[in-house]
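Here's the structure, in structure tokens; my notes come after.
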Amino acid sequence: MDTEGLRSFVRAAELGQVRRAADELGVTQQAVSKRIAALERELDVRLFARTARGVELTPDGRAFLPHARSVVAAVGRAVTAVRPGSRALRIDVLGLRSAQAVVLHEYWRSRPGTGLDVVTLRVDDPQGAAAAVAAGEVDASFRTVTDPGALPPGVRMIHAFDSPLELLVGPAHPLASAREVTPAQLRKHRIWVPGIAPRSEWADFYDQLTTAFDLRIDAVGPHFGDEVLLETLAESPDVATLVGTRDRYAWPAAHDLRRIPVAQPVLAYPLSLVLPAENPHPALGGVVAHLGGLPRPSGRVWRPSWATEPDAARPPGSGHR
359 MDTEGLRSFV
369 RAAELGQVRR
379 AADELGVTQQ
389 AVSKRIAALE
399 RELDVRLFAR
409 TARGVELTPD
419 GRAFLPHARS
429 VVAAVGRAVT
439 AVRPGSRALR
449 IDVLGLRSAQ
459 AVVLHEYWRS
469 RPGTGLDVVT
479 LRVDDPQGAA
489 AAVAAGEVDA
499 SFRTVTDPGA
509 LPPGVRMIHA
519 FDSPLELLVG
529 PAHPLASARE
539 VTPAQLRKHR
549 IWVPGIAPRS
559 EWADFYDQLT
569 TAFDLRIDAV
579 GPHFGDEVLL
589 ETLAESPDVA
599 TLVGTRDRYA
609 WPAAHDLRRI
619 PVAQPVLAYP
629 LSLVLPAENP
639 HPALGGVVAH
649 LGGLPRPSGR
659 VWRPSWATEP
669 DAARPPGSGH
679 R
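For any residue, its number in our numbering is found by taking its place in the sequence shown, counting from 1, and adding 358.
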């Protein structure tokens, strides 16, 4: 059924004149009349009766009007839902407690009217997230494809921001009272990072970190969630973990956990943003500009080999990969 015919019928019924409906729809009176006539032939009923003042609905027309009005409204909502300028910006993050989600929340708080839909795709392989961007399932994803040449066609990747690492320990840990620690001080301590997924960028990050500083990082055992991890740290005199500076964690006061910056050098986890190479969502430019204004780590900084140069200020759609 022709939706333009339905729209013409609804406006003519509401206005009582074919001419006024045509003016409002931006077409000729003849075009509206032809659309309504075609609709009547398809339904095999008369929808209007002619009067001296215009048109009046027949009994069949009155019965059909609320349904036609509903269809026209639904079509309008469907078009709006896929129009980049009017639908919410949809961005994938690793988790709602992650630094990425925290930064997006800060951005939204500075622009509370922005339509923003923060989602988690639940894929560990960054290639899967990049494919979701290419397919239009999300407008952007905070993931890193460590080989930029492996990005799918139609997407590009930019540096988003660096996330310096902190050591998270319980009160009985030997380093609990330190104001900051160096990578060299961590060599003799067990650093437990459960949930390191094969083929993920964070698996490669921890592999390189272990090699570069001779650290004891392991992911032994199942990951039962952050609450279990935090409880384990609170009770252990020798287990520690690494978290990002902006990562949001909360624990009972009795845990008395300590977040200790790692310095000399700062260990920076580089976060990237995968986005369409052309015609990105119009609101994405504001997010990219916000990322470009975030503070960068100072002093000596270690990053993995695949870290890209900070270029988040480059606007989306520039075509640079």
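Every residue gets a Cβ at the ideal spot worked out from N, C-alpha and C, and that includes glycine.
- It is roughly 19 Å from the alpha-carbon of Gln458 to the alpha-carbon of Pro638.
- Listed in chain order, the non-local C-beta contacts of Ala536 below 6 Å within the same chain comprise Ile618, local neighbours out to five positions each way being set aside.
- By DSSP's assignment, Asp576 forms a beta bridge with Trp550.
- Closest by C-alpha distance to Ala598, out of Val624, Pro552, Ala370 and Ala487, is Pro552.
- Distances from the alpha-carbon of Arg604 to those of Leu509, Tyr627, Leu587 and Glu559 put Tyr627 closest.
- Going by beta carbons, Val503 and Val632 fall inside the 8 Å limit.
- For Arg445, the three-state secondary structure derived from DSSP is coil.
- Under the 8 Å Cβ criterion, the stretch 508-516 does not count as touching the stretch 536-545, having fewer than three qualifying pairs.
- Excluding sequence positions up to five before and after His547, its CB lies within less than 6 Å of the CB of Ala598, all in the same chain and listed in chain order.
- Counting other Cβ atoms within 10 Å of its Cβ, Asp475 stays below 16 and is therefore classed as exposed.
- Ser521 and Gly453 do not touch by the CB rule: their CB atoms are close to 13 Å apart, not below 8 Å.
- Here the alpha carbons of Ala577 and Glu589 stand approximately 16 Å from one another.
- Of the other Cβ atoms in all chains shown, fewer than 16 fall within 10 Å of the Cβ of Gly583; this residue is therefore exposed.
- Closest option to Ser428, judged by alpha-carbon separation, among Thr361, Ala530 and Pro655: Thr361.
- DSSP places Asp584 inside the alpha helix (DSSP H), whose first and last residues are Asp584 to Glu593.
- Inter-residue distance for Pro653 and Ala611 is about 30 Å (C-alpha atoms, whole angstroms).
- A straight line joining the alpha-carbon of Leu615 with that of Pro529 spans about 6 Å.
- Your pair Val496 and Leu509 does not check out as a contact, with CB atoms roughly 15 Å apart and the cut at 8 Å.
- In the DSSP assignment, His517 falls within the beta strand (DSSP E) that extends over Val513 to Val527.
- For Leu642, the three-state secondary structure derived from DSSP is helix.
- Taking the Cα positions, Gln622 is about 29 Å away from Glu593.
- Closest by C-alpha distance to Ile449, out of Pro506, Ile549 and Leu642, is Leu642.
- The three-state reading of DSSP puts Gly602 in strand, counting E and B together.
- When the Cα atoms are used, Val376 and Thr386 turn out to be separated by approximately 10 Å.
- Ser366 and Val477 have their C-alpha atoms some 39 Å from each other.
- In the structure shown, Trp560 adopts helical secondary structure according to DSSP, grouped into three states.
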